[in-house]
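Data first, discussion second: the structure below is written as structure tokens.
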Amino acid sequence: HCRSGTAGSHTTALLKGPRLQRRKKCVPHHDVTITCRSGNFCIAANNDACECLTGFACRKMNCTETNFECVKVKNLETRCHSYRGPYCSQNEICAYEKTNLKCLFNCTCYGLYKAVCARKVEEDPCTDGSLAIVTPGVAGYKCDRCLSASKVLTAPRGG
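When the count follows my numbering, it moves up by one through the sequence shown with no breaks and lands on 159 for the last residue.
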């Protein structure tokens, strides 16, 4: 089921225009800041961008079920492609590796994954919109096209 939503006022230039305003898509919204809440909302979207509810960031995905998700997470700095995340060379890919942390609740928790660099595999480049997952002790990575960014939560540095 999809509820109608009203997007926030902070939109990018790409999202402004009559074409996007006419097109609506049902997009999952995941809030993992304080509580774990998820729901589907009908929001403005085109092929390249979406206009999430206020406070949520739009993430393009390669998933056949949905090509976008809207996420609200509290720790962004230690994730892949962030200022405190790992800096990977051209022959590496930033991936998420499972840690030994166990969650006590049904909700996923911060620190369950850490961002690491893995040697890039030509057969599986893990293009934008997909998340690379590393299993400790197993060579390579698995590219997941439908995994939500809200499921691979990293801990703050030093936390």
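Cβ coordinates follow ideal geometry from the N, Cα and C atoms, glycine included.
This structure is a prediction, so every number in the text was calculated from the model and none was measured.
Asked: Is DSSP giving Ser148 helix, strand or coil here?; Found: coil
Asked: If we ignore side chains and look at the alpha-carbon of each, how far apart do Lys74 and Glu122 end up?; Found: 33 Å
Asked: Can you give me the C-alpha to C-alpha distance between Ser38 and Lys151, rounded to a whole angstrom?; Found: 12 Å
Asked: Under a three-way DSSP split, which group does Ile34 fall into?; Found: coil
Asked: Of the choices Cys143, Thr78, Asn100, whose alpha-carbon is the least far from that of Arg119?; Found: Cys143
Asked: What does a CB cutoff of less than 6 Å around Leu76 pick up in its chain, not counting 5 residues either side in sequence?; Found: Ser82
Asked: Less than 8 Å between the beta carbons of Leu53 and Phe68, yes or no?; Found: no
Asked: For Ala115, I'd like the list of residues in its chain whose CB is within less than 7 Å of its CB, leaving aside the five on either flank, ordered along the chain.; Found: Thr78, Arg79, Cys80, Gly85, Pro86, Cys94, Tyr96, Thr154
Asked: For Leu131, does the three-state DSSP call read helix, strand or coil?; Found: strand
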